[in-house]
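The block underneath contains the structure these notes are about, expressed in structure tokens.
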Amino acid sequence: MVWGLGVGYVISGNYFGWNLGLQAGGTFGLAIAIVFVIVMYVTFTYSYAELACAIPKAGGAFDYANRALGKNLGFLAGMAQNIEFIFAPPAIALAIGSYLNLFFPSIETIQFSIGAYVVFTAINIYGIRLAALTELTVTGIAVVGLILFAVTLLPQASMANLGRNAFPHGVEGIFAAIPFAIWFFLGIEGIGNLAEETLNPRQTMSRGFLAALFTLIALCVMTFVGAVGAGGWPAVVLNADGSTSDAPLPMALDAVQGSSGWQYTLLIIFGLFGLVASFHGLMLAAGRSTYEFARVNFARSPLGLIHQRFQTPAIALIANSVIGAVALFTGRTGEIITLSVFGALALYIISMVSVIALRRKEPGLSRPFHTPFYPLFPWVALVIASIALVSITLYNQRVAVVFVLIIGVCFGIFIARKPTTAA
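This note's numbering puts the sequence shown at residues 10 to 432.
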């Protein structure tokens with residue numbers, strides 16, 4: 010189930026979102042960005058697994074930062090984590106609406122997106138067992154869908170298609186494509202937030218993290234080469250009217266085989282399972298992150314309350330859904346993804362500093378899993394994440410201002426309240 014949750018949080022990144030990086034950097038620009046991002050996630054995941062096994066708490070990054078770096082940086086880590094987990098689902102909900110709209114064009118995308126929030130908020134409120142079982146099921150189906158997509162399109166891929174207008178914006182395109190390369194893996198750290206609800210978390214966390222990561226790397230490579238190699242990158246980015254698409258895999262199959270066959274229909278169905286897996290999984294992680302954030306006095310109650318009957322963070326789940334539903338109406342998938350990536354990168358940076366600081370501060374802390382090649386791995390992840398954060402700030406200044414305002418206002422309120430307790 011931990012493997013299923015880890016892959017499920019992320020797998021929608023294969024079904025949509027990443028293709029916007031092709032418009033920013035072309036095939037080679039996005040591919041180079043993906044290579045750097047894979048290095049970052051390998052080194053980050055091994056390092057983060059050490060924290061998750063040593064401090065198995067539902068708050069994840071901010072529990073680690075709070076212990077290693079103090080309350081202020083703990084708060085900032087928690088806010089970054091909340092922004093990542095709360096703003097990734099609305100981007101996915103828009104994609105769910107886009108996929109369903111292919112079947113039911115008379116119903117608007119936004120209606121499907123709101124419906125997804127209602128259904129999966131209810132499932133998460135009902136209980137962790139149902140939520141985890143649902144996640145495992147839809148993730149398994151989504152993985153099968155990506156494998157079938159690769160089997161269908163990889164034989165059609167050619168170097169000619171991969172190389173066509175492959176580097177339209179030069180080196181700048183690499184940096185502009187970074188947020189969309191990260192989208193292939195964003196959210197895997199959500200596994201850490203489930204540590205308190207797993208059996209034998211110290212063993213399960215490390216195995217689940219690593220198995221999920223390497224599954225996602227394999228799926229990323231197959232999806233990228235199959236989709237772009239079959240028809241060139243414009244075929245999976247631009248609709249007939251010139252707008253960008255939230256359904257790149259059906260577009261890739263349409264470009265090669267048309268949209269009338271059973272494979273096209275089946276791919277849309279599998280795609281929906283992939284989107285649902287990440288949407289549902291990130292809602293689950295966001296609910297627990299927000300709950301723990303409030304429980305340790307980083308936010309006002311009643312977000313830190315548990316539902317008496319279902320024993321789930323119902324109020325936190327509902328609050329996150331309301332924020333996400335508001336974000337839906339912007340209709341700006343790319344900017345919502347980028348805002349979530351800002352949160353993720355800030356979280357990664359603070360978490361890697363936490364790994365290093367905690368090694369010095371508490372050398373005797375029980376660490377069932379040790380980061381290999383320490384301190385190289387956390388330092389590599391820290392440097393790449395820092396470069397990525399600077400890069401996306403330069404290319405997404407408006408979103409950067411929104412991110413800083415959210416963090417700044419909330420931190421100001423936190424300082425003014427002068428909390429006296431933290432876990």
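Glycine included, each C-beta is placed from N, C-alpha and C at the ideal position. Since the model is a prediction, treat every value here as computed from it, not as a measurement.
Cα-Cα, which of the options is closest to residue i?
{"i": "residue 141", "options": "78, 200, 415", "result": "200"}
{"i": "residue 279", "options": "13, 23, 317", "result": "23"}
{"i": "residue 364", "options": "399, 382, 143", "result": "382"}
{"i": "residue 375", "options": "55, 222, 62, 50", "result": "62"}
{"i": "residue 232", "options": "155, 296, 244", "result": "155"}
{"i": "residue 184", "options": "33, 388, 172", "result": "33"}
{"i": "residue 260", "options": "246, 272, 271", "result": "246"}
{"i": "residue 424", "options": "274, 85, 228", "result": "85"}
{"i": "residue 437", "options": "409, 118, 122, 241", "result": "Here the chain covers residues 10 to 432 and nothing more, so residue 437 does not appear."}
{"i": "residue 91", "options": "392, 380, 353", "result": "353"}
{"i": "residue 230", "options": "128, 40, 11", "result": "40"}
{"i": "residue 126", "options": "418, 293, 395, 419", "result": "293"}
{"i": "residue 335", "options": "343, 83, 119", "result": "119"}
{"i": "residue 70", "options": "177, 274, 213, 355", "result": "355"}
{"i": "residue 409", "options": "351, 392, 384", "result": "351"}
{"i": "residue 46", "options": "29, 393, 290, 316", "result": "393"}
{"i": "residue 148", "options": "175, 75, 11", "result": "11"}
{"i": "residue 295", "options": "97, 103, 66", "result": "97"}
{"i": "residue 30", "options": "209, 124, 243, 395", "result": "243"}
{"i": "residue 213", "options": "377, 169, 396, 401", "result": "377"}
For residue i and residue j, what's the separation of their Cα atoms in angstroms?
{"i": "residue 370", "j": "residue 81", "result": "17 Å"}
{"i": "residue 338", "j": "residue 36", "result": "31 Å"}
{"i": "residue 414", "j": "residue 194", "result": "26 Å"}
{"i": "residue 68", "j": "residue 191", "result": "22 Å"}
{"i": "residue 89", "j": "residue 359", "result": "9 Å"}
{"i": "residue 326", "j": "residue 179", "result": "43 Å"}
{"i": "residue 298", "j": "residue 238", "result": "39 Å"}
{"i": "residue 43", "j": "residue 346", "result": "16 Å"}
{"i": "residue 431", "j": "residue 171", "result": "Residue confidence for residue 431 is low, a pLDDT of 45 falling below 50, so the modelled location carries little weight; the figure read from the coordinates is stated next. Their Cα atoms are separated by approximately 52 Å."}
{"i": "residue 253", "j": "residue 130", "result": "29 Å"}
{"i": "residue 160", "j": "residue 265", "result": "13 Å"}
{"i": "residue 263", "j": "residue 162", "result": "11 Å"}
{"i": "residue 379", "j": "residue 59", "result": "6 Å"}
{"i": "residue 341", "j": "residue 256", "result": "15 Å"}
{"i": "residue 348", "j": "residue 420", "result": "18 Å"}
{"i": "residue 316", "j": "residue 290", "result": "19 Å"}
{"i": "residue 406", "j": "residue 385", "result": "31 Å"}
{"i": "residue 428", "j": "residue 300", "result": "Because residue 428 sits at a pLDDT of 49, beneath the cut-off of 50, its placement in the model cannot be relied upon, and the following sentence gives the value as read from the coordinates. Answer to the nearest angstrom: the Cα atoms are 17 Å apart."}
{"i": "residue 153", "j": "residue 343", "result": "27 Å"}
Can you find a heavy atom of the ligand GTP that lies under 6 Å from the Cβ of residue i?
{"i": "residue 411", "result": "Here there are no bound small molecules, and the ligand GTP is not part of this structure."}
Applying the criterion that 16 or more other CB atoms from any shown protein chain within 10 Å of the CB defines a buried residue, is residue i buried or exposed?
{"i": "residue 115", "result": "exposed"}
{"i": "residue 99", "result": "buried"}
{"i": "residue 372", "result": "exposed"}
{"i": "residue 93", "result": "buried"}
{"i": "residue 398", "result": "buried"}
{"i": "residue 26", "result": "buried"}
{"i": "residue 318", "result": "exposed"}
{"i": "residue 215", "result": "buried"}
{"i": "residue 422", "result": "exposed"}
{"i": "residue 101", "result": "buried"}
{"i": "residue 269", "result": "exposed"}
{"i": "residue 64", "result": "buried"}
{"i": "residue 331", "result": "exposed"}
{"i": "residue 188", "result": "buried"}
{"i": "residue 333", "result": "buried"}
{"i": "residue 164", "result": "exposed"}
{"i": "residue 144", "result": "buried"}
{"i": "residue 267", "result": "exposed"}
{"i": "residue 249", "result": "exposed"}
So, at 8 Å on beta carbons, what are the nonlocal neighbours of residue i in its own chain, with the 5 sequence-adjacent residues on each side left out?
{"i": "residue 281", "result": "105, 108, 109"}
{"i": "residue 197", "result": "15, 18, 19, 50, 54, 218, 221, 222, 225"}
{"i": "residue 139", "result": "132"}
{"i": "residue 112", "result": "277"}
{"i": "residue 135", "result": "319, 321"}
Enumerate in chain order the residues of its own chain whose CB-to-CB distance from residue i is below 7 Å, with the five nearest sequence positions on each side excluded.
{"i": "residue 258", "result": "24, 158, 236, 276, 280"}
{"i": "residue 311", "result": "324"}
{"i": "residue 447", "result": "Absent from the structure is residue 447, since the part of the chain shown begins at 10 and ends at 432."}
{"i": "residue 366", "result": "77, 78"}
{"i": "residue 166", "result": "234, 235, 238, 239"}
{"i": "residue 177", "result": "35"}
{"i": "residue 272", "result": "161, 262, 266"}
Can you find the residues in the same chain that come closer than 6 Å, C-beta to C-beta, to residue i, ignoring five residues on each side of it along the sequence?
{"i": "residue 53", "result": "357, 390"}
{"i": "residue 387", "result": "56, 361, 364, 365"}
{"i": "residue 416", "result": "88"}
{"i": "residue 304", "result": "313"}
{"i": "residue 175", "result": "35, 36, 37"}
Are the C-beta of residue i and some C-beta of chain C separated by less than 7 Å?
{"i": "residue 97", "result": "Of the chains in the structure shown, none is chain C; there is only one protein chain."}
Which ranges does the alpha helix (DSSP H) cover as unbroken runs of at least 4 residues, wholly within the segment 351-429, from first to last along the chain? 385-404, 406-426
Would you mind listing the beta strand (DSSP E) stretches within the segment 56-93 that are 3+ residues and don't spill past its ends, in chain order? none
Which runs of the beta strand (DSSP E), 3 residues or longer, sit entirely within the segment 120-165? none
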